[in-house]
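Numbering (the numbering used here), first residue to last: 207 to 416. We put the CB at the ideal spot given by N, CA and C, even for glycine. Model, not experiment: these values are computed from the prediction.
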């Protein structure tokens with residue numbers, strides 16, 4: 207089967223599961239988030255095996271903090287689901303926009319020593335997609351104009367999270383963080399952008415910016 211088709215089907219299944227869990231909320235969503243965080247922590251220990259105790263412990267924090275952020279966003283107030291959806295939209299549109307813009311127009315390497323496949327054009331494509339789709343969702347749901355300004359910055363943060371995980375894999379000498387997801391690799395490979403977006407959105411909410 208074509209790799210892009212496998213990647214697309216797997217991605218759609220993951221999106222559907224995440225959306226159902228988010229819509230239900232409460233205990234089912236908490237269990238879903240806890241399961242994902244546990245798998246992320248496991249993959250982290252696999253990548254960083256032999257790097258020392260500090261790296262091992264930091265994996266727990268890396269998985270726990272965004273998990274708590276997602277639960278906080280979802281359950282804090284009546285607009286929690288809409289804001290959580292905004293987090294998903296910004297993250298997913300960044301990833302998709304960067305992939306297609308990089309594939310079609312990519313010429314200049316973004317960080318060749320870390321991830322040779324990523325391009326400056328892909329970065330711009332991810333920012334544009336997140337700004338447009340995240341902005342449209344924020345306006346349609348009445349979440350506030352502050353999210354219009356936050357979207358491009360969080361798109362950059364998402365791609366920074368992607369580069370960080372790419373650096374970890376390069377240092378460890380592995381292609382993917384795991385083999386759970388056909389066409390994608392492991393959960394860290396798919397959620398590396400969500401980590402900073404979730405944490406920064408929760409931080410903005412705590413500061414009263416959203």
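Counterpart residues of residue i in DSSP-defined beta bridges
i, result
"residue 317", "321"
Cα-Cα separation between residue i and residue j, rounded to whole angstroms
i, j, result
"residue 232", "residue 363", "28 Å"
"residue 335", "residue 343", "12 Å"
"residue 356", "residue 284", "21 Å"
"residue 351", "residue 257", "43 Å"
"residue 348", "residue 354", "11 Å"
"residue 286", "residue 264", "28 Å"
"residue 261", "residue 305", "29 Å"
"residue 238", "residue 230", "11 Å"
"residue 219", "residue 314", "32 Å"
"residue 227", "residue 217", "15 Å"
"residue 242", "residue 318", "30 Å"
"residue 211", "residue 413", "41 Å"
"residue 367", "residue 409", "17 Å"
"residue 221", "residue 215", "10 Å"
"residue 311", "residue 321", "17 Å"
"residue 403", "residue 359", "9 Å"
"residue 279", "residue 392", "25 Å"
"residue 213", "residue 255", "28 Å"
"residue 417", "residue 225", "In the structure as shown, the chain starts at 207 and stops at 416, and residue 417 therefore has no counterpart that could be examined."
"residue 407", "residue 223", "21 Å"
C-beta atoms of residue i and residue j nearer than 8 Å
i, j, result
"residue 400", "residue 297", "yes"
"residue 249", "residue 394", "yes"
"residue 324", "residue 303", "no"
"residue 418", "residue 275", "Only positions 207 to 416 of the chain appear in this structure, which leaves residue 418 out of reach."
"residue 277", "residue 236", "yes"
Beta-carbon contacts of residue i that lie in its chain and below 6 Å, excluding the five residues immediately before and after
i, result
"residue 361", "300, 332, 333 and 336"
"residue 326", "314 and 316"
Sequence-distant residues of the same chain with beta carbon closer than 7 Å to residue i, five excluded per side
i, result
"residue 253", "374, 375, 378, 380 and 383"
"residue 271", "405"
"residue 340", "292, 295, 296, 299, 353 and 357"
"residue 329", "304, 316 and 365"
"residue 251", "262 and 265"
C-beta neighbour in chain C for residue i, strict 8 Å
i, result
"residue 326", "Among the protein chains of the structure shown there is no chain C, as only one such chain exists."
Closest by C-alpha distance to residue i, when choosing among the options
i, options, result
"residue 245", "290, 279, 266 and 407", "266"
"residue 281", "268, 251 and 234", "234"
"residue 247", "326, 411 and 269", "269"
Own chain residues within Cβ distance below 8 Å of residue i, not counting five before or after
i, result
"residue 371", "383, 394, 395 and 398"
"residue 411", "278, 279, 282 and 289"
"residue 338", "299"
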